[in-house]
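Heads up: the protein sequence lines correspond to chains R and A, in order. With the numbering used here, you'll find the first sequence wraps up at 646, consecutive numbering, no jumps. With the numbering used here, you'll find the second sequence wraps up at 646, consecutive numbering, no jumps. In what follows, a single structure is set out as structure tokens and then discussed.
Number of protein chains: 2
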Amino acid sequence: MQSLIQFIQNTVPIPLDKAKEIAAYFEERKIEKGNYFLQEGHKSNEYMFLLDGFMRAYATDTEGNDITTAFYTTNNVVFEVSSFFNRTPSKENIQALTPCAGLVISYDTLNNLFHGLPEFREFGRAVLVRGFSALKARMLGTITETAEQRYLTLLHTNPDIFQQAPLKMIASYLGITDTSLSRIRKEVSKK
Amino acid sequence: MQSLIQFIQNTVPIPLDKAKEIAAYFEERKIEKGNYFLQEGHKSNEYMFLLDGFMRAYATDTEGNDITTAFYTTNNVVFEVSSFFNRTPSKENIQALTPCAGLVISYDTLNNLFHGLPEFREFGRAVLVRGFSALKARMLGTITETAEQRYLTLLHTNPDIFQQAPLKMIASYLGITDTSLSRIRKEVSKK
DNA sequence: CTTTACTCTTGCCAAATGACAAGAAATAGG
DNA sequence: CCTATTTCTTGTCATTTGGCAAGAGTAAAG
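As structure tokens, then:
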């Protein structure tokens, strides 16, 4: 709970008591390793703050391969933007890669709070804007950089991911095969 | 003005008079061909609805090449999410590729309206969510599909772009060189 | 403890894409 | 109308990445 309050305050300027008031609407949730926070075809009804553990999102491409689209580390929010906000079936899965604990809030509660609490609204928007901007940066990197550069960037900015996710997932996240990633790592280690 | 009202109503369920009320806060803006709606290093203060014309956004990569990150067609909104909502200098440029006419609203006005008009808030969120979701889909396509598939998808979903933008811009948008795009077009035309 | 499944690496070769340069075609400006 | 610039294509060759298969190492399950 404390970490959520801090996360809110780090995201938007807001008095402590308001942050506490908001955080109080969240409920505890545990997810076992391998289990899902959201599954393809299901409608997402929850917005989560990850207190502990490690998760990933993945989509299934036309050939039936899993493509990891995101990793979620402790003290970040977890939600699928389209399914949650548009109230539509999800095209992706969000899965716990370790035992996870989080704080969740339902769509209805969140939406009511958005209308009643301007500070929470700002928070919600800031989270959306941050995610959108991060994805734009990732998109630009994917288009302009080599696989090796993208690997090195991820390694330096999110080293924890390499401790927790198998290389196959990291490879698909980077847009390459696990074979290529293995070779890139070999090349990089030579230098 | 009429087209903005329709755009609002197509985006969120909202009574006509509310849509008209919102639209009334926008002001006319003309941009000459080649001129900028937003330039790198400047803070974006405006959110625009494009009434007529064709625009693109582009970033400059580390080697100094222009990378087109988005195309904007008539009857769509135009803004740079990070600079506009975070009040920070933009990393990209938004440029008119033809003479353009739009309706703009300032950050301050928009923000005040967000707090005063729940319907406009919903609209703003829906636009953000739509853009975010579209980018996620594009990201997945970039990672999973070949350049030829991405080209064909763009050609079928946005044929107008090919009438208005030079292939070099389309190539950088697709994440390939203009040389490769030229070859892909040759291959495709054979079939 | 042992067997099974997954993870990661490596070799070989093919396919996709890029870099560079030249030339043709189209467009814009004077 | 003519010139200069941009756009598009094409050739050659190098580099990156993928596909497939085998094998070693590691973790999971009974």
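Glycine included, C-beta positions come from ideal geometry on N, C-alpha and C.
- prompt: If we cut at 7 Å on Cβ distances, does Thr599 of chain A have a partner in chain R?
  reply: Here residue 599 of chain A refers to the residue found at position 144 of the second sequence. Judged by the 7 Å Cβ criterion, Thr599 of chain A is in contact with chain R.
message: Is there a Cβ of chain A sitting closer than 7 Å to that of Pro468 of chain R, yes or no?
response: In the first sequence, counting from the first residue as 1, residue 468 of chain R sits at position 13. By this cut-off, Pro468 of chain R is not an interface position.
- request: Work out the CA separation of Tyr562 of chain A and Thr523 of chain A for me, nearest whole Å.
  value: Stepping through the second sequence from its first residue, residue 523 of chain A is reached at position 68. Stepping through the second sequence from its first residue, residue 562 of chain A is reached at position 107. Between Thr523 of chain A and Tyr562 of chain A, the C-alpha separation is close to 25 Å.
Cβ pair Phe509 of chain R, Thr553 of chain R closer than 7 Å: Here residue 509 of chain R refers to the residue found at position 54 when the first sequence is read from its first residue. Here residue 553 of chain R refers to the residue found at position 98 when the first sequence is read from its first residue. A contact, by the Cβ cut-off of 7 Å.
- request: Measure the C-alpha to C-alpha separation of Leu636 of chain A and Lys488 of chain R and round it to an integer number of angstroms.
  value: Along the second sequence, one-based indexing puts residue 636 of chain A at 181. Along the first sequence, one-based indexing puts residue 488 of chain R at 33. If you take the alpha carbons of Leu636 of chain A and Lys488 of chain R, they lie about 44 Å apart.
- request: Name, in chain order, the residues that DSSP records as bridge partners for Leu505 of chain R.
  value: If you number the first sequence from 1, residue 505 of chain R lands on position 50. Answer by DSSP bridge pairing, in chain order: R:Gly557.
field: Outcome for Met456 of chain R when other beta-carbon atoms lying within 10 angstroms are tallied against a minimum of 16
entry: In the first sequence, counting from the first residue as 1, residue 456 of chain R sits at position 1. Answer is exposed; the Cβ neighbour count stays below 16.
query: Closer than 7 Å, CB to CB, is Ile639 of chain A near chain R or not?
result: Walking along the second sequence from the start, residue 639 of chain A turns up at place 184. Taking Cβ atoms only, chain R never reaches closer than 7 Å to Ile639 of chain A, which makes this a no.
task: Scan the stretch 548–573 of chain R for residues whose Cβ lies nearer than 8 Å to a Cβ of chain A and list them as they occur along the chain.
output: Phe569, His570, Pro573
message: So Met594 of chain A contacts chain R; which residues on that side make the cut at Cβ distance below 8 Å?
response: Locating residue 594 of chain A in the second sequence gives position 139, where the first residue counts as 1. Those are Thr524, Leu590, Arg593, Met594, Thr597, listed as they occur along chain R.
task: Using 10 angstroms around the beta-carbon of Ser644 of chain R, count the other beta-carbons present and answer buried if the total reaches 16, otherwise exposed.
output: Translated into positions along the first sequence, residue 644 of chain R becomes position 189. It counts as exposed.
task: Using 10 angstroms around the beta-carbon of Ala620 of chain A, count the other beta-carbons present and answer buried if the total reaches 16, otherwise exposed.
output: By one-based count along the second sequence, residue 620 of chain A stands at place 165. Residue burial annotation: Ala620 of chain A is buried, with at least 16 other C-beta atoms found within 10 angstroms of its C-beta.
Presumed contact (8 Å Cβ cut-off) between Phe504 of chain A and Leu459 of chain A, rounded CB distance: For this step, residue 504 of chain A is matched to residue 49 along the second sequence. For this step, residue 459 of chain A is matched to residue 4 along the second sequence. That pair is a contact at about 5 Å.
- prompt: Ile616 of chain R lies in the alpha helix (DSSP H); which residues open and close that run?
  reply: Reading the first sequence from its first residue, position 161 is the one you call residue 616 of chain R. Where Ile616 of chain R is concerned, the enclosing alpha helix (DSSP H) stretches over 614–619.
message: Suppose you measure from the CA of Ile463 of chain R to the CA of Arg638 of chain R; what does that come to, to the nearest Å?
response: Within the first sequence, the letter at position 8 stands for residue 463 of chain R. Within the first sequence, the letter at position 183 stands for residue 638 of chain R. About 41 Å.
- request: Output the distance between the C-alpha atoms of Glu518 of chain R and Asn520 of chain A, rounded to the nearest integer angstrom.
  value: If you number the first sequence from 1, residue 518 of chain R lands on position 63. If you number the second sequence from 1, residue 520 of chain A lands on position 65. Distance between the alpha carbons of Glu518 of chain R and Asn520 of chain A: 34 Å.
- request: Show which residues of chain A have a CB atom less than 8 Å away from the CB atom of Ala514 of chain R.
  value: Locating residue 514 of chain R in the first sequence gives position 59, counting from the first residue. What Ala514 of chain R touches in chain A: Leu595.
task: Tell me whether the beta-carbon of Val536 of chain R lies closer than 7 Å to the beta-carbon of Val584 of chain A.
output: The count along the first sequence starts at 1 and reaches residue 536 of chain R at position 81. The count along the second sequence starts at 1 and reaches residue 584 of chain A at position 129. Against a cut-off of 7 Å, the Cβ pair of Val584 of chain A and Val536 of chain R comes out as a contact.
query: Rounded to a whole number of angstroms, what is the C-alpha to C-alpha distance between Ile616 of chain A and Tyr480 of chain R?
result: Sequence index remark: in the second sequence, residue 616 of chain A carries index 161 (1-based). Sequence index remark: in the first sequence, residue 480 of chain R carries index 25 (1-based). Going from the Cα of Ile616 of chain A to the Cα of Tyr480 of chain R covers about 46 Å.
message: Can you tell me where the beta strand (DSSP E) holding Ile522 of chain A begins and where it ends?
response: Here residue 522 of chain A refers to the residue found at position 67 when the second sequence is read from its first residue. First-last of the beta strand (DSSP E) with Ile522 of chain A: 521–527.
field: Straight-line gap, Asn490 of chain A to Arg484 of chain A (C-alpha atoms, nearest Å)
entry: Stepping through the second sequence from its first residue, residue 490 of chain A is reached at position 35. Stepping through the second sequence from its first residue, residue 484 of chain A is reached at position 29. The straight-line gap from Cα to Cα measures roughly 12 Å.
- prompt: Is the Cβ of Phe534 of chain R closer than 7 Å to any Cβ of chain A?
  reply: Counted from its first residue, the first sequence places residue 534 of chain R at position 79. So, not an interface residue.
4 or more residues per run - each alpha helix (DSSP H) lying fully within the stretch 583–644 of chain A: 602–612, 614–619, 622–629
query: What does Val584 of chain R touch in chain A if you count any residue whose Cβ is under 8 Å from its own?
result: Here residue 584 of chain R is taken as the residue at index 129 of the first sequence, counted from 1. Correct list: Val536, Ser537, Phe540, Asn541, Leu583.
Alpha-carbon spacing of Phe587 of chain R relative to Ile598 of chain A, whole angstroms: For the purposes of this step, residue 587 of chain R is identified with residue 132 of the first sequence, where counting begins at 1. For the purposes of this step, residue 598 of chain A is identified with residue 143 of the second sequence, where counting begins at 1. Answer to the nearest angstrom: the Cα atoms are 18 Å apart.
- request: Ignore the nearest five residues each way along the sequence and tell me which others in His497 of chain A's own chain have a CB closer than 7 Å to its CB.
  value: As a position in the second sequence, residue 497 of chain A is number 42, starting the count at 1. So the list reads Pro544, Ser545, once near-sequence residues are dropped.
- prompt: By the 10 Å Cβ neighbour count, where 16 or more other Cβ atoms means buried, how is Asn613 of chain A classified, buried or exposed?
  reply: Here the question's residue 613 of chain A lines up with position 158 in the second sequence. Asn613 of chain A comes out exposed.
message: If I measure Cβ to Cβ from Phe569 of chain A and keep anything under 8 Å in the same chain, skipping five residues before and after, which residues do I get?
response: Translated into the one-based positions of the second sequence, residue 569 of chain A becomes position 114. Contacts found: Phe575, Arg576, Gly579.
- request: List the residues of chain A that Gly519 of chain R touches, going by C-beta distances under 8 Å, in chain order.
  value: Residue 519 of chain R sits at position 64 when you count from the first residue of the first sequence. Within 8 Å Cβ-Cβ: nothing; Gly519 of chain R doesn't reach chain A, min ~11 Å.
- request: Kindly list the residues whose CB is nearer than 8 Å to the CB of Arg605 of chain R, restricted to its own chain and excluding five residues on each side of it in sequence; keep chain order.
  value: The count along the first sequence starts at 1 and reaches residue 605 of chain R at position 150. Within the same chain, Arg605 of chain R has close Cβ partners Gly596, Thr597, Leu629, Gly630.
- prompt: Within 10 angstroms of its Cβ, does Lys591 of chain R collect 16 or more other Cβ (buried), or is it exposed?
  reply: Working through the first sequence from its first residue, we reach residue 591 of chain R at position 136. By the 10 Å Cβ count, Lys591 of chain R comes out buried.
query: Do Glu547 of chain A and Ala589 of chain A have their CB atoms nearer than 7 Å?
result: Stepping through the second sequence from its first residue, residue 547 of chain A is reached at position 92. Stepping through the second sequence from its first residue, residue 589 of chain A is reached at position 134. In this structure, Ala589 of chain A does not lie closer than 7 Å to Glu547 of chain A by Cβ.
- request: Give every residue of the same chain whose Cβ lies closer than 8 Å to the Cβ of Glu600 of chain A, excluding the five residues on either side of it in the sequence, and list them in chain order.
  value: Position 145 of the second sequence, counting from 1, holds the residue named residue 600 of chain A. Closer than 8 Å at the Cβ level, and outside the excluded window around Glu600 of chain A, lie Thr608.
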